[in-house]
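For any residue, its number in this note's numbering is found by taking its place in the sequence shown, counting from 1, and adding 7. Cβ coordinates follow ideal geometry from the N, Cα and C atoms, glycine included.
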Amino acid sequence: MRPATLAPHWVLRFNHEAPARWALFALIAISGLVMIEPSPYDLLVLGLICLWTFAGMELRRAQSPLFIFLSLWCAGGMLAITVSSDVMVAARYIAISTFLVLSSFLFVAVLTQDLRRLHTIEKAYIFAGLLTAIAGIVGYLDLMPGAFEAFTRYGRAKGAFKDPNVYGPFLLLPTLLLTYDILTKPLSKTKVRLVLLAVLVLGIFLSFSRAAWGMLLLSGGLVFLLTFVNEPLKSRRSKMLGLLGLVFLTMVALLAIALSIDEIANMFFQRAKLVQDYDAARVGRFARHLIGFQMVTERPLGLGIGGFTQIFPEEEHNVYLKSFTTYGWLGGFSYATLIVLTLVKATPLLVKPRPYQKYVICFFSAFLVHTIAGLVIDTNHWRHFYLILAGLWAFIATESALQSARRFPLASHSSTSSVLIKSDEAGN
Numbered sequence: 008m009r010p011a012t013l014a015p016h017w018v019l020r021f022n023h024e025a026p027a028r029w030a031l032f033a034l035i036a037i038s039g040l041v042m043i044e045p046s047p048y049d050l051l052v053l054g055l056i057c058l059w060t061f062a063g064m065e066l067r068r069a070q071s072p073l074f075i076f077l078s079l080w081c082a083g084g085m086l087a088i089t090v091s092s093d094v095m096v097a098a099r100y101i102a103i104s105t106f107l108v109l110s111s112f113l114f115v116a117v118l119t120q121d122l123r124r125l126h127t128i129e130k131a132y133i134f135a136g137l138l139t140a141i142a143g144i145v146g147y148l149d150l151m152p153g154a155f156e157a158f159t160r161y162g163r164a165k166g167a168f169k170d171p172n173v174y175g176p177f178l179l180l181p182t183l184l185l186t187y188d189i190l191t192k193p194l195s196k197t198k199v200r201l202v203l204l205a206v207l208v209l210g211i212f213l214s215f216s217r218a219a220w221g222m223l224l225l226s227g228g229l230v231f232l233l234t235f236v237n238e239p240l241k242s243r244r245s246k247m248l249g250l251l252g253l254v255f256l257t258m259v260a261l262l263a264i265a266l267s268i269d270e271i272a273n274m275f276f277q278r279a280k281l282v283q284d285y286d287a288a289r290v291g292r293f294a295r296h297l298i299g300f301q302m303v304t305e306r307p308l309g310l311g312i313g314g315f316t317q318i319f320p321e322e323e324h325n326v327y328l329k330s331f332t333t334y335g336w337l338g339g340f341s342y343a344t345l346i347v348l349t350l351v352k353a354t355p356l357l358v359k360p361r362p363y364q365k366y367v368i369c370f371f372s373a374f375l376v377h378t379i380a381g382l383v384i385d386t387n388h389w390r391h392f393y394l395i396l397a398g399l400w401a402f403i404a405t406e407s408a409l410q411s412a413r414r415f416p417l418a419s420h421s422s423t424s425s426v427l428i429k430s431d432e433a434g435n
């Protein structure tokens, strides 16, 4: 075998970039329309997995932790089926988990092959976010016949989702991408983005999701901080500080106006309590977390799919606990390890001057707050989470290839030259 064949990744090229980008755009654009299952997004993901598998994939050794730990997570779930009371329901649940894992593999392969596809994902995701945010706003304000019933739940905007608590976090990444552009581009070029950002933020607000509100504040602050730290020009940093003050005053004014409406004020103060009664009750959410972790220490295969709700009146509402109860020790430790490893490997990329730094900052910020939200929400079946996870591992693999090319320029030239070219063009 010739040395050139010993590349640190395996490549099958997709030779028709335009159709690939159109397919990718269509997929992300409909990702916010998930009121039915399987959704159009799910069906298109399956089609693209088959298409990209045969037409072109690029996988890197640096991404092996993603593949290994997600595969082990699914394997743990499959083992847990054997201790589940309803095998058919359990099998369907793990099939959904496996599908979402495969979607992550699809996205990481698509982005690894060409990071310029991030632009396509960004445009499509902003479109998807606006579409479902507008649906949620129209529904909450009851601007069309039947809109309130279709696009709200329990008096909270949910857009084209089933649950306001998923709808709100779905809008987070496009919100951060627009925020980054507003911070870094001349104000004269951000007028449209400001309007789009306002729509997304309003959509998140009307979800009345405490998690979504907290995720927005924390991730938005993190994007600002990282962008500020990485900006070398003092004039631009001054502009960012000015924008921060302006945004704060604007948000206070808009919140005051919103709270002047009794219906919004009542829901806001009801949802704004950091700890609800059902959280801190004697067998409330937090007590169930503690009891649940104690129970799984004695059950290597977990409680079985749905086993937790046979003991308690509600779901785990903690993705880390759920990984142990539903996927067993194998799944629980695999999931937790992957989360920690992703944060460890992605954090150094935040301060590296790369053309795609915008995406690193926004994807990382979104991922971090999702991992924190996982302490109080089951995020394991959130479709958009697997896109964010895949994006970070695409950046990790690209950085690994760049470092390898610098250490061994002759040996790695054949396998990294395309990555170097593509990553250099990603921000243009």
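*Three CB pairs or more closer than 8 Å across the segment 94-108 and the segment 352-369*: Not touching, per the Cβ criterion.
*Just to confirm, are V145 and F134 a CB contact at a threshold of 8 Å?*
To locate residue 145, count along the sequence shown from 1; it is residue 138. To locate residue 134, count along the sequence shown from 1; it is residue 127. In this structure, F134 does not lie closer than 8 Å to V145 by Cβ.
*Could you check where the alpha helix (DSSP H) with E270 kicks off and where it finishes?*
Start at 1 with the first residue of the sequence shown, and residue 270 comes out as number 263. From DSSP, the alpha helix (DSSP H) with E270 extends over 269-278.
_Could you compute how far the alpha carbon of V18 sits from the alpha carbon of F61?_
Indexing the sequence shown from 1 puts residue 18 at position 11. Indexing the sequence shown from 1 puts residue 61 at position 54. Unreliable placement is indicated for V18, whose pLDDT of 44 sits below 50; the coordinate value is still reported in the next sentence. Spanning the two alpha carbons is a distance of roughly 11 Å.
*Proximity winner among F112, L31, N237, R413, relative to L399 (alpha-carbon distances)*: Here residue 399 is taken as the residue at index 392 of the sequence shown, counted from 1. Per the Cα distances, F112.
_With a threshold of 8 Å, are at least 3 pairs of Cβ atoms found where one atom belongs to the segment 372-389 and the other to the segment 209-227?_
yes
*Mind checking E65: buried by the 16 CB within 10 Å criterion, or exposed?*
Your numbering for residue 65 matches position 58 in the sequence shown. So E65 counts as buried.
*Exposure label - N325; buried when at least 16 CB within 10 Å*: Within the sequence shown, numbered from 1, the residue matching residue 325 stands at position 318. That one is buried.
*Spatially closest choice to K160 from L240, K246, L394, L213, by CA coordinates*: Along the sequence shown, read from residue 1 onward, the residue named residue 160 stands at position 153. Checking the sequence shown, residue 160 turns out to be Arg, not Lys. Out of L240, K246, L394, L213, L213 has the C-alpha closest to the C-alpha of R160.
*Residue environment, C57, which counts as buried when at least 16 other CB atoms sit within 10 Å*: Here the question's residue 57 lines up with position 50 in the sequence shown. Exposed, because fewer than 16 other Cβ atoms sit within 10 Å of the Cβ of C57.
*8 Å Cβ cutoff met for G335 and G309*: Walking along the sequence shown from the start, residue 335 turns up at place 328. Walking along the sequence shown from the start, residue 309 turns up at place 302. Taking 8 Å as the Cβ cut-off, G335 and G309 qualify as a contacting pair.
_Proximal residues to P307 (C-beta, below 7 Å), its chain only, five neighbours per side dropped_ = Mapped onto the sequence shown, residue 307 falls at position 300. Setting aside the 5 residues that flank it on each side, P307 is surrounded in the same chain by G335, W336, each with a C-beta closer than 7 Å to its C-beta; the list follows chain order.
*Would you check if there are 3 or more beta carbon pairs closer than 8 Å linking the segment 314-331 to the segment 75-95?*
yes
_Using DSSP's beta-bridge definition, name the partner residues of R163._
As a position in the sequence shown, residue 163 is number 156, starting the count at 1. Paired residue(s): R160.
*Below 8 Å on the Cβ atoms is my guess for R390 versus S38; work out the distance and round it to an integer in Å.*
For the purposes of this step, residue 390 is taken as residue 383 along the sequence shown, with counting starting at 1. For the purposes of this step, residue 38 is taken as residue 31 along the sequence shown, with counting starting at 1. Correct: roughly 6 Å between the Cβ atoms.
*Going by the beta-carbon positions, is the gap between D46 and Y393 smaller than 8 Å?*
The residue given as residue 46 occupies position 39 in the sequence shown. The residue given as residue 393 occupies position 386 in the sequence shown. In the sequence as displayed, the identity of residue 46 is Ser instead of Asp. In this structure, Y393 does not lie closer than 8 Å to S46 by Cβ.
*Between which two residues does the alpha helix (DSSP H) harbouring R200 extend?*
Sequence index remark: in the sequence shown, residue 200 carries index 193 (1-based). Unbroken alpha helix (DSSP H) run through R200: 198-213.
*Own chain partners of A404 with C-beta closer than 7 Å, once the 5 adjacent residues on each side are dropped*: As a first step, residue 404 must be located in the sequence shown, where it is residue number 397. Cβ neighbours of A404 beyond the five flanking positions: R67, A69, Q70, T119.
*Kindly provide the ranges of any alpha helix (DSSP H) runs that are 4 or more residues long and lie completely inside the segment 20-59, ordered along the chain.*
24-36
*asked:* Is it the case that the segment 231-245 contacts the segment 185-192, given that we only count it when at least three CB pairs across the two stretches are under 8 Å?
replied: yes
*Quick one: what does DSSP say L66 is sitting in, helix, strand or coil?*
Here residue 66 refers to the residue found at position 59 when the sequence shown is read from its first residue. If DSSP states are grouped into helix, strand and coil, L66 belongs with the strands.
*Beta-carbon proximity list for V52, same chain, < 6 Å, skipping 5 on both sides*: Numbered from 1 along the sequence shown, position 45 holds the residue referred to as residue 52. Result list for V52: S110, in chain order.
*By how many angstroms is the C-alpha of V259 removed from the C-alpha of A272?*
Numbered from 1 along the sequence shown, position 265 holds the residue referred to as residue 272. Numbered from 1 along the sequence shown, position 252 holds the residue referred to as residue 259. Take the alpha-carbon of A272 and the one of V259: they are about 14 Å apart.
*Are the Cβ atoms of L148 and V115 separated by less than 8 Å?*
For the purposes of this step, residue 148 is taken as the residue at position 141 of the sequence shown. For the purposes of this step, residue 115 is taken as the residue at position 108 of the sequence shown. Their beta carbons are not under 8 Å apart, which means L148 does not touch V115 by this criterion.
*Determine, using beta carbons only, whether L137 and L180 come nearer to each other than 8 Å.*
Taking the sequence shown and counting its residues from 1, one reaches residue 137 at position 130. Taking the sequence shown and counting its residues from 1, one reaches residue 180 at position 173. Contact: no.
_Alpha-carbon to alpha-carbon, A397 and F370_ = Taking the sequence shown and counting its residues from 1, one reaches residue 370 at position 363. Taking the sequence shown and counting its residues from 1, one reaches residue 397 at position 390. The alpha-carbon atoms of F370 and A397 are separated by roughly 10 Å.
_Euclidean distance between Cα positions of V230 and A36_ = Translated into the one-based positions of the sequence shown, residue 230 becomes position 223. Translated into the one-based positions of the sequence shown, residue 36 becomes position 29. Using only the alpha carbons, I get a separation of about 24 Å.
*Specify, as a first and last residue, the run of the alpha helix (DSSP H) that M151 falls within.*
Numbered from its first residue, the sequence shown carries residue 151 at position 144. Premise fails: M151 is in no alpha helix (DSSP H) and is neither H nor E.
*Can you tell me whether E406 is buried or exposed, with buried defined as 16 or more other CB within 10 angstroms of its CB?*
On the sequence shown, position 399 is the one that residue 406 refers to. Buried, by the Cβ-count rule.
*Given F76, which residues of its chain have a CB within under 8 Å of its CB, disregarding the five upstream and five downstream residues?*
Taking the sequence shown and counting its residues from 1, the one referred to as residue 76 is at position 69. Contacts found: S341, Y342, T344, L345, L348.
*Could you pull out every residue in the same chain whose Cβ sits closer than 6 Å to the Cβ of P355, ignoring the five residues on either side in sequence?*
Stepping through the sequence shown from its first residue, residue 355 is reached at position 348. Result list for P355: empty, nothing under 6 Å.
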